[in-house]
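S.K.: Shown below is the structure under consideration.
In the working numbering, the protein residues as written are 1 to 133.
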């Protein structure tokens, strides 16, 4: 993971990215309906309540779906293909995406247990990815 197009970090997501840098997966929790949400938003998509509290997430989840990338859209990633991108249903409820590291697409199946891992791209950017648990 040497080359990566860095995300634009807005006010709502600033805390999320800062915590990833510390190797912590934190999600917003609504104070009214008690549901976690992702991506970070100014209000709850379930009940509409403004705000939310940041809470640690377990990082455990199950594989929802995946795709194997063999032709990167960004030419800077040409030396990293093939790689697997996955959507994961976290234990806390939200579905998030990341690379699936350390396995091949041929070994995957829906609902396979996975766990988050933190990959430092450089001194400023850390990504949450997943591996089989």
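Don't be surprised by glycine CBs; every beta carbon is placed ideally from N, CA and C.
Model, not experiment: these values are computed from the prediction.
What's the gap between the Cα of residue 8 and the Cα of residue 58?
M.R.: Residue numbering aside, residue 8 sits at position 8 when the chain shown is read from its first letter. Residue numbering aside, residue 58 sits at position 58 when the chain shown is read from its first letter. Rounded to whole angstroms, residue 8 to residue 58 spans 25 Å at the Cα level.
S.K.: Helix, strand or coil, according to DSSP, for residue 131 in the structure here?
M.R.: As a first step, residue 131 is located in the chain shown; it is residue number 131 there, counting from the start. In the structure shown, residue 131 sits in a strand (DSSP, three-state: E or B).
S.K.: Ignore the nearest five residues each way along the sequence and tell me which others in residue 87's own chain have a CB closer than 6 Å to its CB.
M.R.: As a working note, residue 87 is residue 87 in the chain shown. So the qualifying residues of the chain are 64, 65, 95 and 97.
S.K.: To the nearest angstrom, report how far apart residue 24 and residue 119 are at their CA atoms.
M.R.: Taking the first residue of the chain shown as 1, we reach residue 24 at position 24. Taking the first residue of the chain shown as 1, we reach residue 119 at position 119. Those two C-alpha atoms are separated by around 11 Å.
S.K.: What does the Cβ neighbour count give for residue 47, buried or exposed, with the cut at 16 atoms within 10 Å?
M.R.: In the chain shown, the residue the question calls residue 47 occupies position 47. Under this definition residue 47 is an exposed residue.
S.K.: What residues in its chain sit with their C-beta under 7 Å from that of residue 83, if we drop five residues either side in the sequence?
M.R.: On the chain shown, position 83 is the one that residue 83 refers to. Closer than 7 Å at the Cβ level, and outside the excluded window around residue 83, lie 69 and 99.
S.K.: Count the other CB atoms within 10 Å of the CB of residue 20; is the residue buried (16 or more) or exposed (fewer)?
M.R.: Looking up residue 20 in the chain shown gives position 20. It counts as buried.
S.K.: Keeping to the same chain, check which residues put their C-beta closer than 6 Å to that of residue 38; ignore five residues upstream and five downstream.
M.R.: Within the chain shown, residue 38 is the residue found at index 38, counting from 1. Closer than 6 Å at Cβ, skipping near neighbours: 27, 94 and 96.
S.K.: With burial defined as no fewer than 16 other Cβ atoms inside 10 Å of the residue's Cβ, what is the status of residue 116: buried or exposed?
M.R.: Numbered from its first residue, the chain shown carries residue 116 at position 116. Counting Cβ neighbours within 10 Å, residue 116 comes out buried, since at least 16 surround it.
S.K.: Within a Cβ cutoff of 8 Å, which residues of the same chain sit near residue 72, ignoring the five residues on either side of it in sequence?
M.R.: By one-based count along the chain shown, residue 72 stands at place 72. If we look at residue 72 and ignore the five residues flanking it on each side, its Cβ neighbours are 78, 80 and 81.
S.K.: Rounded to the nearest angstrom, how far is the Cβ of residue 103 from that of residue 132, given a contact under 8 Å?
M.R.: In the chain shown, counting from the first residue as 1, residue 103 sits at position 103. In the chain shown, counting from the first residue as 1, residue 132 sits at position 132. With a Cβ gap of about 6 Å, residue 103 and residue 132 count as contacting.
S.K.: For residue 24, does the three-state DSSP call read helix, strand or coil?
M.R.: On the chain shown, position 24 is the one that residue 24 refers to. Note: residue 24 maps to coil in three-state DSSP.
S.K.: Quick check: residue 43 and residue 51, are their CB atoms within less than 9 Å of each other?
M.R.: As a working mapping, residue 43 is identified with position 43 in the chain shown. As a working mapping, residue 51 is identified with position 51 in the chain shown. Yes, the Cβ-Cβ distance between residue 43 and residue 51 is below 9 Å.
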